[in-house]
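Chains as they are written, first to last, in this note's numbering: chain A, 1 to 316; chain B, 1001 to 1427. Report on the following structure.
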Amino acid sequence: MSTTVVEVRNVTKRYGAYTAVRDLSLMVPRGAVYGLLGPNGAGKTTTIRMIMSIIMPDEGKIALFGSQGSGKDLSQRIGYLPEERGLYRKMKVIDLLVFLAEIKGVDRRTAKQGALEWLERLGLADWALKKADDLSKGMQQKVQFISTVLHKPELLILDEPFAGLDPVNSQVMKDTVVDLARGGTTILFSTHIMEHAEKLCSAVCIIARGAKVVDGPLAEVKRKHGGSHLIVAAERAPALDAVLGDRRLVARADDYGNYAELELAPGAEPQRILQALVQGGVSVSRFEIAEPTLHKIFIDLAGADAAIAAEEAHHA
Amino acid sequence: MHKLAVVIRREFIERVRTKWFIIGTVLGPVFMGMFIVLPMLMADKGAKTRTVVVLDATTDSFGTRLTDALGQTGQVSVTRQSVPLANLEDRAGTLAQEVGKQGSLDGIFLVTDEAVADGHAEYRGSNVTSMTDMRTLSATLRGAVFTERLRREGVEPSVVGRAQIPVDLKTVKVVNGKVTGESGQSSFFVAYATWFLLYMAILIYGAQVLGAVVEEKSSRIVEVLISSLKPFHLLAGKVIGVGAVGLLQLGIWLGAGKLLLDRRADIAKLLGQSDEAVRAIGSMTLPEVPLATVAVLLTYFVLGYFLYAAMFAAVAAMVNTESEARQAQIPVVMLLIIPTMMMLGILNNPDGGLALAMSLIPFASPIGMPVRWAAAPVPLTQVAASVAILIATVAIVTWIAGRIYRVGILAYGKKPGLKELVRWVRG
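Next comes the structure, spelled out in structure tokens:
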């Protein structure tokens, strides 16, 4: 058994003059919850579709479960929730789930039993005999999710699984993903919302404009690219601005108004900053040595343009 | 193969379950029943006697003789009014006021000396659209004029009477040197029914494939399917599934149609027809459809359906919505309409060049050949050539359609141009 479930090596995909994915490499280890992060239009969906061999890369190689077989040949072992997801609107939910499991090679009886269990688990048991059309958007999304896990795949690929879900259903989905991961399922999911990745992922790959910005285990990414970060909340005073502007102490400061997130200058100690603030007579209400958020790392590494794109995507 | 079976089964079951299938399947025989029952009711109605006035402006006794002849048909209650030629129009105008009024006059027959001399007479009435009535009137007039002309030439009335014994030409179709039970009329009827059935079936079920592909694309379920299935399996499953529904429906219709025709005497009795009418309906000769014709019909339905379904599927894969699909399917439908427009040409001359072309050209042959086959004997070599060409075309078109489908179902946005389509096919 290979320890790498998905391996993407130097993959490039172009659409005419537009390069959707540029020389991308990533590795998803077995058992990981792997986040593919980036703003809208970064190339996440294109990458996932290439992993599923729905589209072919122009250059580079993709291997699943350590073999050269394509996503389609191995579809029995993979559950895939595309970004553009739909259902047969006129079909009964239970028939639909059984059909989608059957084309993954599950026999009818097992499929039906599994579908009923999952509908029960996600609170949709009463809807099994209703037509897909009669379900709300959120319920439809849960049905779509069930269809990706019904055949007990080893690898789950979810493209923007939380998009369009209300907070309650979003939480249900996260809990389910965590459960599956505990059960040994490898999960690769994409999102443009860094907070989701922050909570769930054991490893991430951040991409912007088709190219990789950073990847690796979450803790390692944070350690390597975080620098040292401080969160400071203090009363407004000239001395505060003086400290934040002192380039010997502070490399960068993002002032959010209620608090500021600081990145220490090389060699600077948090203690020195606290000292400077106290000496300047600033009344400090919060002083915290913090890990940087993924969002911050992303902005630092991908630059302002990507950051703006990400912001827009976030609010879209 | 198992996955293909799963796709076929879903397509079949989901369709057969819809209320449209049930309604359509039931309504088919109901309509067929109406085709049988309505003429019976009509015949009843049509047998009503008409009241006609003969306005006689002749200078001899021809008007009287025409009046007698009309009376003898038993379908016309006729009275004669003699009128001078100068007053003919005035009197006709006055009588016309009465025409069409409840229980009065149905029409006026205007006769002058011209009737015998030049063969001109005029009928003005409220029933001129009734084919039966007009046939009676014109046949009677023709007979009376014919008799009158011969009488004037000095031919004896008894000779005239014998000369008018009707001649009936019985037409019987010859196939492969054998006389069949089919009459010319029933061959025409079978050919016509064949055309109608094939045209409707290919169009209806082809359009269903179009709808099914557009639905999968517009509902965006297709990406889920494509992650588990090869596009060709999805396409083939859809086409076979819909085709199976089509065969089932056709089978039910044909079976019901046969049953209705076999029991037509009972149906007539149920409708309260007289014993005589029931016997007449029961002994009516029906066009016999030989087994070979049924085999040809089914072969060409299956091949024609595959050909057109593949094209419909490719068209559907190029578009995003149902309304776009309705536009885009027009060229495909046109391909099917062309042989339909040539239908009468084929029937008029089933051995001619047009008929031969229409039964060999692959996009026309699914309709052209069965129609020709039903109308006249076709050399088996031509049938074999036609089927071979059609099968080869189905293979090529399905291959191209499959390539277009494979790319198209995942491509959203602008409809592809010809250049882009070529790129898709080359893949």
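For glycine and all other residues, C-beta sits at the position ideal for the given N, C-alpha and C. All of these numbers come straight from a predicted model, not from anything done at the bench.
Option nearest residue i by Cα separation, candidates the options
| i | options | result |
| --- | --- | --- |
| R22(A) | E7(A), L124(A), P57(A), A101(A) | P57(A) |
| S25(A) | G210(A), A32(A), D134(A), E120(A) | G210(A) |
| A111(A) | Y80(A), H151(A), I193(A) | H151(A) |
| S1082(B) | T1393(B), D1351(B), R1403(B), R1065(B) | R1065(B) |
| I1221(B) | I78(A), V6(A), F99(A), E59(A) | F99(A) |
| D95(A) | T3(A), A132(A), Q279(A) | A132(A) |
| V243(A) | A219(A), A268(A), R223(A) | A268(A) |
| R30(A) | F287(A), I187(A), E291(A) | I187(A) |
| I231(A) | K137(A), L274(A), C201(A), N10(A) | L274(A) |
| V1116(B) | G1368(B), S1061(B), P1350(B) | S1061(B) |
| T4(A) | I289(A), A42(A), V250(A), S67(A) | S67(A) |
| Y1412(B) | V1333(B), R1017(B), I1391(B), V1319(B) | V1319(B) |
| N10(A) | D300(A), K92(A), Y256(A), A63(A) | A63(A) |
| F1188(B) | E1098(B), T1059(B), T1136(B), P1350(B) | P1350(B) |
| A1144(B) | Q1075(B), A1256(B), G1161(B) | G1161(B) |
| S1077(B) | L1303(B), G1107(B), R1124(B), A1139(B) | G1107(B) |
| D159(A) | T148(A), V178(A), D166(A) | T148(A) |
| A1163(B) | V1172(B), K1170(B), R1151(B), T1171(B) | R1151(B) |
| R14(A) | P292(A), Q141(A), V178(A), M50(A) | M50(A) |
| V1052(B) | L1088(B), R1015(B), N1127(B) | N1127(B) |
Residue range of the beta strand (DSSP E) that includes residue i
| i | result |
| --- | --- |
| N1349(B) | Counting along the chain, N1349(B) falls outside any beta strand (DSSP E), and DSSP gives it neither H nor E. |
| F287(A) | 284-290 |
| M173(A) | Run containing M173(A): none in the beta strand (DSSP E); it sits in the alpha helix (DSSP H), 167-182. |
| I1361(B) | Premise fails: I1361(B) is in no beta strand (DSSP E) and is neither H nor E. |
| P29(A) | 18-29 |
| Y15(A) | 4-15 |
| L81(A) | 78-81 |
| V1016(B) | Per DSSP, V1016(B) belongs to no beta strand (DSSP E); it is in the alpha helix (DSSP H), 1002-1017. |
Beta-carbon proximity check, residue i vs residue j, cutoff 8 Å
| i | j | result |
| --- | --- | --- |
| S197(A) | P217(A) | Correcting the residue type first, residue 197(A) is Ala in the shown sequence and not Ser. No, they are not a contact pair. |
| T46(A) | E83(A) | no |
| E154(A) | R77(A) | yes |
| Y1305(B) | G1243(B) | yes |
| R1406(B) | P1231(B) | yes |
| L97(A) | A115(A) | yes |
| L19(A) | G60(A) | A small fix is needed here, since residue 19(A) is Thr in this sequence, not Leu. No, the Cβ-Cβ distance between T19(A) and G60(A) is not below 8 Å. |
| F189(A) | L36(A) | yes |
| T1058(B) | D1113(B) | yes |
| L1354(B) | M1343(B) | no |
| A1384(B) | I1346(B) | no |
| T1067(B) | R1080(B) | yes |
| A253(A) | R286(A) | no |
| T1476(B) | S1218(B) | Nothing in the structure corresponds to residue 1476(B), since chain B is present only between 1001 and 1427. |
| L1110(B) | E1098(B) | no |
| A1317(B) | V1213(B) | yes |
| C201(A) | V33(A) | yes |
| E1216(B) | L1229(B) | no |
| S1227(B) | Y256(A) | no |
| L240(A) | V282(A) | yes |
| A208(A) | P39(A) | yes |
Residue i, enclosing alpha helix (DSSP H) - first and last residue
| i | result |
| --- | --- |
| P1370(B) | 1365-1375 |
| A1292(B) | 1291-1318 |
| R1406(B) | 1380-1408 |
| A1325(B) | 1322-1328 |
| S1158(B) | 1157-1163 |
| D1133(B) | 1131-1152 |
| I48(A) | 44-51 |
| L200(A) | 194-200 |
Using a Cβ-Cβ cut-off of less than 8 Å, list which residues of the stretch 1224-1237 of chain B approach chain A; keep chain order. Under the 8 Å Cβ criterion, the stretch 1224-1237 of chain B contributes V1224, L1225, I1226, S1227, S1228, L1229, K1230.
Suppose only complete runs of 3+ residues qualify. What are the beta strand (DSSP E) ranges in the stretch 1043-1082 of chain B, listed by chain order? Counting only runs of 3 or more, we get 1050-1056, 1076-1082.
Select from the stretch 1005-1030 of chain B all residues with a C-beta closer than 8 Å to any C-beta belonging to chain A, and list them in chain order. Listed in chain order, the positions of the stretch 1005-1030 of chain B with a beta carbon within less than 8 Å of a beta carbon of chain A are V1006, V1007, R1010, E1014, T1018.
Along the stretch 149-168 of chain A, where does the CB come closer than 8 Å to a CB of chain B? Name the residues. Of all residues in the stretch 149-168 of chain A, none has a Cβ within less than 8 Å of some Cβ in chain B.
Which residues, in order along the stretch 1400-1416 of chain B, keep a beta-carbon less than 9 Å from a beta-carbon of chain A? Going along the stretch 1400-1416 of chain B in chain order, one finds L1410, Y1412 with a Cβ nearer than 9 Å to chain A.
Which runs of the alpha helix (DSSP H), 4 residues or longer, sit entirely within the stretch 1221-1248 of chain B? Qualifying alpha helix (DSSP H) stretches, in chain order: 1222-1226.
Which residue spans inside the stretch 1092-1127 of chain B form an unbroken alpha helix (DSSP H) run of at least 4? As for any alpha helix (DSSP H) of minimum length 4 sitting wholly inside the stretch 1092-1127 of chain B, the runs are 1114-1117, ordered along the chain.
Complete alpha helix (DSSP H) runs within the stretch 103-145 of chain A (minimum length 4 residues, chain order): Correct list: 108-121.
The stretch 1307-1338 of chain B: which residues have C-beta closer than 9 Å to a C-beta of chain A, in chain order? Along the stretch 1307-1338 of chain B, none of the residues has a CB nearer than 9 Å to a CB of chain A.
Residues from the stretch 102-129 of chain A in contact with chain B, defined by Cβ distance under 8 Å: Taking 8 Å as the upper bound on Cβ-Cβ separation, chain B lies near residues E102, I103, K104, G105 of the stretch 102-129 of chain A.
Cβ-based contacts, 9 Å cut-off: residues of the stretch 3-33 of chain A near chain B: Taking 9 Å as the Cβ-Cβ cut-off, the stretch 3-33 of chain A has no residue approaching chain B.
According to a CB-to-CB cut-off of less than 7 Å, which residues of the stretch 44-56 of chain A neighbour chain B? Residues of the stretch 44-56 of chain A that bring their beta carbon within less than 7 Å of a beta carbon in chain B comprise M52, I54, in sequence order.
Which of the residues in the stretch 1210-1223 of chain B, read from start to end, lie with their CB under 7 Å from any CB of chain A? Answer in chain order: S1219, R1220, I1221, E1223.
Where in the stretch 229-290 of chain A do unbroken runs of the beta strand (DSSP E), each at least 3 residues long, occur, reported from the N-terminal end onward? Listed in chain order, they are 229-234, 250-255, 260-264, 284-290.
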